[in-house]
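Working notes, beginning with the structure itself.
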Amino acid sequence: MEQQTSQERKKVIFSAIQPSGTITLGNYFGALKNWVQLQDEFNCVFALADLHTITVRQEPAKFRSNIYEAYALLLACGIDVEKSAFFIQSHVSAHSQLAWVLNCYTQFGELSRMTQFKDKSAKHSDNVNAGLFTYPSLMAADILLYQADMVPVGADQKQHLELTRNIAERFNGIYGNVFKAPEPYIPKVGARIMSLQDPTKKMSKSDENANSYIAVLDKPEVIMKKFKRAITDSEAKVRFGEGKDGINNLMGIYSSVTGKTMQEIEAEFDGKGYGDFKIAVGEAVVEHLRPIQERFNIYINDKAYLKECYQKSAEFAERIAQRTLDKVMKKIGFVARS
Ligand code: TRP
């Protein structure tokens with residue numbers, strides 16, 4: 027990360043994504059593309075939240091390859107370790123350490139009210155582990171270690187960010203100013219990408235129906251096939267409007283990749299059918315993803331380069347994180363080893 031003078035200190039942004047398999051077009055337009063753009067304006071600290079991922083049982087070989095894949099893909103999308111830190115959460119032990127401490131300043135009742143915990147424990151009823159329950163205090167540790175000013179999060183993580191603020195303020199209330207209470211960062215633009223099969227639901231990699239999402243690494247023919255099968259409506263007119271969730275979503279995707287407005291899209295497809303429109307959307311997405319996929323193929327086959335990037339970022343992150351952790355330990359009354 028760049029040096030800067032104190033009078034023009036850039037705000038710190040922290041965000042993380044789990045390496046839990048497929049990264050979708052929804053993740054890309056909802057989060058990653060914004061991260062890439064934030065890198066010039068802010069001091070960005072990004073992580074792969076691998077510790078969060080084991081709250082759901084993982085097969086070791088698959089988990090490891092998912093971590094490499096997610097790391098390489100984010101680099102391919104434009105995360106640049108010359109501008110930002112981009113590390114793997116488990117490489118910076120302060121995350122686990124602060125999470126334990128924060129667990130002792132987080133109430134059982136608060137964690138019980140987290141809707142994600144309720145949803146996930148219903149979904150994985152055979153493995154309602156304590157990590158699933160305390161997931162938000164690890165997330166709070168991630169954010170608070172870097173004294174982040176802002177955290178770009180989707181709607182599903184808002185409640186966790188709110189809890190992070192509460193934990194920070196509670197801790198500061200006892201020990202003085204230790205943590206910065208982070209604000210949510212709401213991106214200026216960014217379409218909410220919905221499922222291609224049920225456009226009232228968010229596009230999600232955990233959907234059982236693979237036709238409902240586009241993975242950033244899907245092959246061109248797969249992308250085309252999925253768009254051709256996308257749910258539309260019976261009006262057969264490319265127009266943005268109520269009751270046209272499927273078409274609205276496809277228009278949103280087309281707009282995200284081409285930069286065209288809804289009116290421009292309506293004009294472009296005036297008099298044309300959904301078949302033509304779906305092909306155009308598919309082709310635009312394929313072209314948009316092509317350079318990302320090409321870069322991904324280079325990075326994923328260069329483990330030495332990946333290692334260089336994540337090690338360098340972890341070293342940088344560790345220095346900041348350790349400073350915060352040391353302060354926390356001292357405030358609480360622990361005896362320092364050195
Ligand atoms: N829980 C987030 C998710 O699943 C990932 C995450 C972990 C995160 N730590 C974070 C996001 C800190 C923002 C800030 O999407």
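For the sequence shown, the numbering used here begins at 27 and goes up steadily by one.
C-beta: ideal position from N, C-alpha, C; glycine also.
Bear in mind that the values here come from a model prediction, so they are computed numbers and not experimental data.
| Check | Outcome |
| --- | --- |
| Proximity below 8 angstroms, CB of residue 219 to CB of residue 278 | yes |
| Enclosing alpha helix (DSSP H) for residue 110 [first to last residue] | No alpha helix (DSSP H) holds residue 110; DSSP gives it neither H nor E. |
| Alpha-carbon spacing of residue 56 relative to residue 358, whole angstroms | 38 angstroms |
| Assumed close pair residue 122, residue 77 - CB separation to whole angstroms, cut-off 8 angstroms | 7 angstroms |
| Expected contact under 8 angstroms - CB spacing of residue 178 and residue 39 to nearest Å | 7 angstroms |
| Beta strand (DSSP E) segment containing residue 70, residue limits | 69 to 74 |
| For residue 174, three-class secondary structure by DSSP | coil |
| Below 6 angstroms from a heavy atom of the ligand TRP - residues by beta-carbon | 40, 41, 42, 43, 44, 75, 78, 165, 168, 169, 177, 179, 183 |
| Close beta carbons around residue 50, own chain, < 8 angstroms, minus the five adjacent residues each side | 219, 229, 230, 231, 239, 240, 241, 242 |
| For residue 86, the nearest candidate out of 47, 274, 136 (CA to CA) | 47 |
| C-beta atoms of residue 193 and residue 131 nearer than 8 angstroms | yes |
| Where residue 40 sits in the DSSP three-state scheme | strand |
| Nearest neighbour of residue 321, chosen from 54, 102, 43, 60 [CA to CA] | 102 |
| Continuous alpha helix (DSSP H) stretch holding residue 94: start and end | 86 to 103 |
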